[in-house]
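Sequence lines, in order, name chains A and B.
Take any residue in the first sequence, count from 1 to its spot, add 106: that is its number in the numbering used here.
Take any residue in the second sequence, count from 1 to its spot, add 33: that is its number in the numbering used here.
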Amino acid sequence: MSAAKRQRAVYDCNIYVQALLNLNGPAGTCIRSALEDRVWLFVSEPLLSEIRDAPNKPTPARLGVTIERTETLIANILKVATVVAEVPVVFTYDRDPDDAHYVNLALAAEAKLIVSRDRDLLDLMDESRPEARIFQQRFPSLRILEPVQFLRELTAEKSEAPDMHPGLR
Amino acid sequence: MATPSQSIELPLTLHVSEQTKDALVERAAASGTDLAGYLSVIAEQTVQRPMSLEQICGPVYQNFLDSGMTDDELSDVLEKEKHLARAKRRAGQAP
């Protein structure tokens, strides 16, 4: 798929870790979509270092996620992803300061999507919350989706216009 | 990867720190080539097709299946552990 047609997205570090553990779950499908060039992923050093931390966490370690396997995942992700070296701090988030980096990375990459199962991030899309309304006013084109929602959109897009010129639809 | 007969010349100037240059020269020497040859190999590897997720995961998926955990349960526990690690790191950074 050409770069222009691919969705530009930022995945939460746990999408990568969950894909390593359950390759047939929604997170696995998200990663597969990137490895197969259907999604244009953007990453940064802080994001990669959160992925690298997986073998130090109890559940991934218990289920066999090793440093080598994590590095293999990262090496392969780097074949399809773009590393954003400079991520300006445009947004800060008291509820979880580390989550702000994902928003800032998406903004720096001009990605319109963040895929995550992190409640702190997902709540920024909940219009019943005042902080979410402010967030959406500031960044109207940015959306934060759960993997299942994201995959639904990706599938719909593909069946709607698979690599077709708009005039030919 | 391109064979020497298929390769083209790509003149460019890199902007790296002195430490990075030294480390690259050392790695190039260790792999028995010069800096240009070493960086050419890295460039070729970078755009090679990635491995499949099955190859990347290896036996880990079977371990997950054997654990009896659902995908939702896995997600919850990974989120909990991520936030614990972040909190620990922040506490370590606090003055």
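Built from N, CA and C at the ideal position, the CB exists for glycine as well.
Do the stretch 63-78 of chain B and the stretch 169-178 of chain A touch if we need at least three Cβ pairs shorter than 8 Å?
At 8 Å Cβ cutoff, the stretches do not touch.
Is B:F97 near the ligand MG, going by C-beta to nearest heavy atom under 8 Å?
Among the ligands in the structure shown, none appear at all, so the ligand MG cannot be discussed.
If the cut-off is 8 Å on Cβ atoms, which residues from the stretch 202-221 of chain A count as contacting chain B, listed in chain order?
D202, P203 and D204
Considering only the beta carbon of each residue, do A:A115 and A:K185 sit closer than 9 Å?
no
Taking any Cβ of chain A, which residues in the stretch 60-91 of chain B have a Cβ under 9 Å from it, in chain order?
Q78, T79, V80, Q81, R82, P83, M84, S85, L86, E87, Q88, I89, C90 and G91
Let me see if you follow: with CB-CB separation under 9 Å, is B:A118 close to chain A or not?
yes
What ranges does the alpha helix (DSSP H) occupy inside the stretch 191-248 of chain A, keeping only unbroken runs of at least 4 residues that lie completely in it?
205-215, 225-228 and 236-244
Look up B:V58 in the DSSP assignment and say whether it is helix, strand or coil.
helix
Which whole-angstrom value describes the C-beta separation of A:S150 and A:V193, a residue pair presumed to lie in contact below a C-beta threshold of 8 Å?
5 Å
Considering only the alpha carbon of each residue, which of B:L68, B:L86, B:L107 and B:A56 lies closest to A:K163?
B:L107
When you compare each of A:D226, A:I250 and A:L213 to B:H116 by their alpha carbons, which one comes out closest?
Out of A:D226, A:I250 and A:L213, A:D226 has the C-alpha closest to the C-alpha of B:H116.
Report buried or exposed for B:R122, applying the criterion of at least 16 other Cβ atoms within 10 angstroms of its Cβ.
exposed
Given this structure, state the Cα-to-Cα distance separating A:H271 from A:K111, to the nearest angstrom.
At A:H271 the pLDDT is 37, less than 50, meaning the model places this residue with poor confidence; the figure from the coordinates comes in the next sentence. Taking the straight line from one Cα to the other gives about 11 Å.
So what does DSSP say about B:E106, is it helix, strand or coil?
helix
Which residues of chain B have a Cβ atom closer than 7 Å to the Cβ of A:A125, listed in chain order?
Those are L86, listed as they occur along chain B.
Mind pulling the chain B residues with CB within less than 8 Å of A:V189?
Residues of chain B passing the Cβ test: none, with the nearest at roughly 11 Å.
Measuring straight from C-alpha to C-alpha, what distance separates B:K54 and B:H48?
9 Å
By Cβ distance, which residues of its chain are closer than 6 Å to A:H207, with the 5 residues on each side in sequence left out?
Sequence-distant Cβ neighbours of A:H207 in its own chain, meaning closer than 6 Å and more than five residues away, are P152.
According to DSSP, simplified to helix, strand and coil, what is A:V149?
In the structure shown, A:V149 sits in a strand (DSSP, three-state: E or B).
If you draw a straight line from the alpha carbon of B:A56 to that of B:L68, how long is it in whole angstroms?
10 Å
CB-CB under 7 Å to A:L169, same chain, minus the five flanking residues each way: which ones, in chain order?
L127
Which residues share a DSSP beta bridge with A:R114?
A:W146
By Cβ distance, which residues of its chain are closer than 7 Å to A:A167, with the 5 residues on each side in sequence left out?
If we look at A:A167 and ignore the five residues flanking it on each side, its Cβ neighbours are P161.
What are the boundary residues of the alpha helix (DSSP H) that B:D99 is part of?
V93 to S100
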